[in-house]
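In this note's numbering, the protein residues as written are 8 to 753.
Right, one structure below, let's go through it.
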Amino acid sequence: MKRKLLCFAFIVSCLVMGTAWGLDDPVGVPWGEWRFSGAFDGASEVLADKASAPGSLMRINAGSTAITQADNVVIVSETGPGDYLRVDIDDVMENGGGAYVNEYTMIFDVKAAQADWLPIYNTGSDNYNAADFWMNAEGALGSGSYSDAGVMPPNTWVRLVVVRMLEGGSWVRDVYVDGTLVFGDLGAEGGDGNSSLYTNAQEDEGQFTILSDSDATVYAGCELANFAFVSMALSAEAVADLSEFNEGGIFDVSSVGASKPLPDEEAVDVLRNATLSWNPGVLAGTHDVYFGEALADVSGATRSNPMGVQLVQGQAATSTDTGRLTFGQTYYWRVDEVNATPDHTIFSGEVWNFTVEPYSIQIPGATVTVTASSASNEFSIPDRTMDGSGLGEDDAHTISPEAMWFTATGDTDPWIQYGFDTVHKLDTMKVWNSNSSAEMAIGWGVKDVQIEYSADGQNWDVLTGATQLSRAPGLPTYNQYDEIDFGGAAARYVRLNIQSNWGGVLMSYSLSEVQFYSIPAAARTPEPASGSADVLPNAVVSWRTGRDAAQHTVYVGTDMDAVADGTAPSATSMTNSLDLSSQNLQLGETYYWRVDEVNEAQVPSVWAGPVWSLSTSAVLVVDDFESYRNNSPDRPFQTWLDGFGYSDDEFFSIGYGGNGTGAGVGHDIWSLSSPNFDETIMEGSITLEGSSQSMPFYYDNSGAASQTDRTWATSQDWTVGGAASLVLYFYGSEDNTGGPLFVEIN
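Have a look at this one:
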């Protein structure tokens, strides 16, 4: 049947979310790993270097030397038929609901000499010329049906992972190369079939062969650095953790141990109510968590000697609560991964650490405006007290006068004032007094002082309990600053009215450095970040809440001034987020937003936040066709239904028989040998600018008009942001006969 082709790309009125999928989290089971740094025993031919139970690996050389070793790899020559590697999986029990090993994972660190036929593995020890999994002459992987060509590049080390599992009575085989899923195959057989492995109870006593077989056929040569077997189906996430080939082996601490900690390793400014979470090791059944303030305790604790830092033991979940943490404290934590039945091996994890948010945060000096009654010269200006120019290691201040502020001589009303960019909830002020080399002789340093603060620059309050500053020694090791407590006072301005100096002779005064720390009462850290573009009009925005906020008033609008002064429309939120769909945002606009933190039980009751901005997308995407591939459930015809339909599998319990038209979605409607087959299911050459692929649509209108149909699981609102038009990009063959093209929306 002759079919014609169109390639589609949609840019229209509604976002389509991608489908995330994976198997259940892995649990600990018998596993084995063989590394070829050790030799094959001269008598038994069993490989010596073996990382774990179960079983053994041996080579069978049929009177030749086709299987050799060099440089920590095993070399399988393409000459020498009847030579192969045999794996004995001792003590592996049946699984998958049958009498055989129906679910398993095999991992190969392998380099094929060339694209040619190579049996990757056989499920029996004498299953010659009937390998259950192959590389073919095009470098594709599979058995019966194959992946795209070239997924096994010649003479290149790759990590090949084959996962077999029983889903809904049918076999699923997922094949990964360097962590990328290259082939997903649904077999017709159920459990205990040819694809199953024998246990010790069956005729072949738990044996299978890899990278060759006992047939007299000559196959392509290869090299193998590591091989591993696990009597379970590893999840896609677990395979991703094992994605990179390395000469040191497969199951190291990065794979069998916990990984990807949250909070991140050495994270700072972590919330006090942080939850610990991690990615489990590929063999983990349960987890032991150690948590504390002492590195030595967390590093050395065990089940038998928990040292007071064991947070949980034998927990199945991959997260745990820590309770309320201490401001500014650094915590250490470790997750030990524990295998499940039968061995319960414990893999001790790395020690991670994070630091909890401080009680207060330094106000950046660059945001502070400094004025004073006078300055002695163009170098010793008021800004020197705020720019950190004289501070070194351990907060020690230099003795150079050019890194300090000095008043003019004879200043009869000396003062210095600090203005912030907004009102702050002040915690403390640190003051390094004048520290010139002649300080102890002259005494420029401020002694008696009155400290005032104001929220508006008009109404001032005097800070009680702080009337005198300590004298500096005039030494480069000076780091004994005064720390003045503001007790959470709301202030935008702070003024030091100087009443005397430590010398008492010269009417000249000096300070070295001043730092302010504020309690974060206002909202901060917006998500998306301020200035973000292409934000959906119905997105959810969030922020880090201010300390002690009970609720939040959110202003949103296109007028920045109205948002800044609080006259823009507002909404109240009891959480640290707001759904913008409630604000009727339009496409292609710039919006400003501000969050005020509110707590009526405190004074002040409102802390106004900064003004942030975002720009909404100019268009909304119905489908950009970027996520489709030739693996279920991501094949395009499983979403965009055509006349051919699809079979049931582990993702689709009921197949689809087609829509009765001449439509065919995807290049794979052609046989692999057809010159029309482009080796990939999606179109990669005919695309929109900035896109990597489009959807092939073959049609035959000799009967009913060809069409492809898509149904969304939930109703779609294609009017979000004021969208009023639907755009379909298509590209047809030049020899197509003209005719109508339609889009029907129900």
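Glycine residues also receive a C-beta, built at the ideal position from the N, C-alpha and C atoms.
Does the distance from the C-beta atom of residue i to that of residue j stay below 9 Å?
i, j, result
"Asn499", "Ala528", "In the sequence on display, residue 499 carries Arg and not Asn. For Arg499 and Ala528, no; Cβs fall outside 9 Å."
"Leu92", "Leu125", "no"
"Arg166", "Ile74", "no"
"Gln336", "Val296", "no"
"Arg601", "Tyr562", "yes"
"Phe544", "Leu585", "According to the sequence displayed, residue 544 carries Pro and not Phe. Not closer than 9 Å, so no."
"Glu300", "Leu398", "no"
"Thr80", "Phe43", "With the sequence shown as reference, residue 80 is identified as Val, and Thr is not the correct amino acid for it. Yes, these two residues count as a Cβ contact at 9 Å."
"Ala578", "Ser588", "no"
"Ser713", "Thr668", "yes"
"Trp439", "Tyr516", "no"
"Gly691", "Gly671", "no"
"Asp518", "Gly452", "For clarity, residue 518 is Leu in the given sequence; the question names Asp instead. Yes, the Cβ-Cβ distance between Leu518 and Gly452 is below 9 Å."
Could you pull out every residue in the same chain whose Cβ sits closer than 6 Å to the Cβ of residue i, ignoring the five residues on either side in sequence?
i, result
"Asp402", "Asn486"
"Pro611", "Ala497"
"Gly186", "Ala247 and Ser250"
"Gly745", "none"
"Ala274", "Phe361"
"Val727", "Pro544 and Asn545"
"Gly103", "Asn109, Glu110, Leu173 and Gly198"
With 16 as the cutoff for other CB atoms within 10 Å, does residue i come out buried or exposed?
i, result
"Asn753", "exposed"
"His351", "exposed"
"Asn312", "exposed"
"Asp742", "exposed"
"Leu748", "exposed"
"Ile127", "buried"
"Ser152", "exposed"
"Ile661", "exposed"
"Leu302", "exposed"
"Leu278", "exposed"
"Ser732", "exposed"
"Tyr111", "buried"
"Ala720", "exposed"
"Lys754", "Outside the shown range of the chain, which is 8 to 753, sits residue 754, and nothing can be said about it."
"Asp1", "As displayed, the chain neither begins before 8 nor continues past 753, which places residue 1 out of reach and without an answer."
"Leu318", "buried"
"Gln700", "buried"
"Ser383", "buried"
"Ser624", "buried"
"Met24", "Annotation note: pLDDT 22 at Met24 (below 50); position unreliable, coordinate value reported separately. Exposed, because fewer than 16 other Cβ atoms sit within 10 Å of the Cβ of Met24."
"Val5", "Nothing about residue 5 can be reported from this structure: the residues present for the chain run from 8 to 753 only."
"Glu604", "buried"
Whose CA, out of the options, lies closest to the CA of residue i?
i, options, result
"Asn280", "Gln457, Thr362, Ala557 and Leu241", "Thr362"
"Ser722", "Arg642, Phe644, Val629 and Gln700", "Val629"
"Thr687", "Gly595, Met172, Gly673 and Thr337", "Gly673"
"Asn286", "Gly356, Ala303, Phe234 and Ile693", "Gly356"
"Trp467", "Arg502, Arg551, Gln645 and Tyr111", "Arg502"
"Leu695", "Val377, Val521, Asp631 and Asp716", "Asp631"
"Ala227", "Glu145, Glu751 and Thr112", "Glu145"
"Leu433", "Ala415, Ala462, Gly450 and Gly417", "Ala462"
"Phe413", "Val169, Val430, Ser380 and Asp394", "Ser380"
"Met393", "Ser624, Asn346, Val727 and Phe427", "Phe427"
"Asp304", "Ala571, Gly315 and Arg310", "Gly315"
"Thr378", "Asn504, Ser367, Gly564 and Gly481", "Asn504"
"Gly664", "Leu648, Val182, Arg341 and Trp677", "Leu648"
"Asn129", "Val169, Val158 and Gly157", "Val169"
"Glu400", "Ala445, Pro483, Gln369 and Trp550", "Pro483"
Which whole-angstrom value is the C-beta distance of residue i and residue j, which I expect to be below 8 Å?
i, j, result
"Gly105", "Ser203", "7 Å"
"Tyr598", "Leu621", "6 Å"
"Val289", "Phe354", "So it is not a contact: roughly 10 Å between Cβ atoms."
"Pro161", "Gln121", "5 Å"
"Val358", "Ser306", "5 Å"
"Pro643", "Met702", "5 Å"
Given residue i, which residues of its chain have a CB within under 7 Å of its CB, disregarding the five upstream and five downstream residues?
i, result
"Ser326", "Thr282, Leu283 and Ser284"
"Thr333", "Val363"
"Thr206", "Val99, Met100, Glu101, Tyr107, Val108 and Gly213"
"Asp492", "Thr435"
"Ala147", "Tyr153, Ser154, Asp155, Ala156 and Val158"
Spatial neighbours of residue i within its chain, please: CB distance less than 8 Å, with the 5 preceding and 5 following residues excluded, ordered by chain position.
i, result
"Phe252", "Asp116, Trp164, Val165, Arg166, Asp185 and Ala232"
"Gln609", "Asp555"
"Asp566", "Ala575 and Tyr599"
Can you find a heavy atom of the ligand MN that lies under 8 Å from the Cβ of residue i?
i, result
"Leu648", "Looking at this structure, you won't find the ligand MN or any other ligand, since it has none at all."
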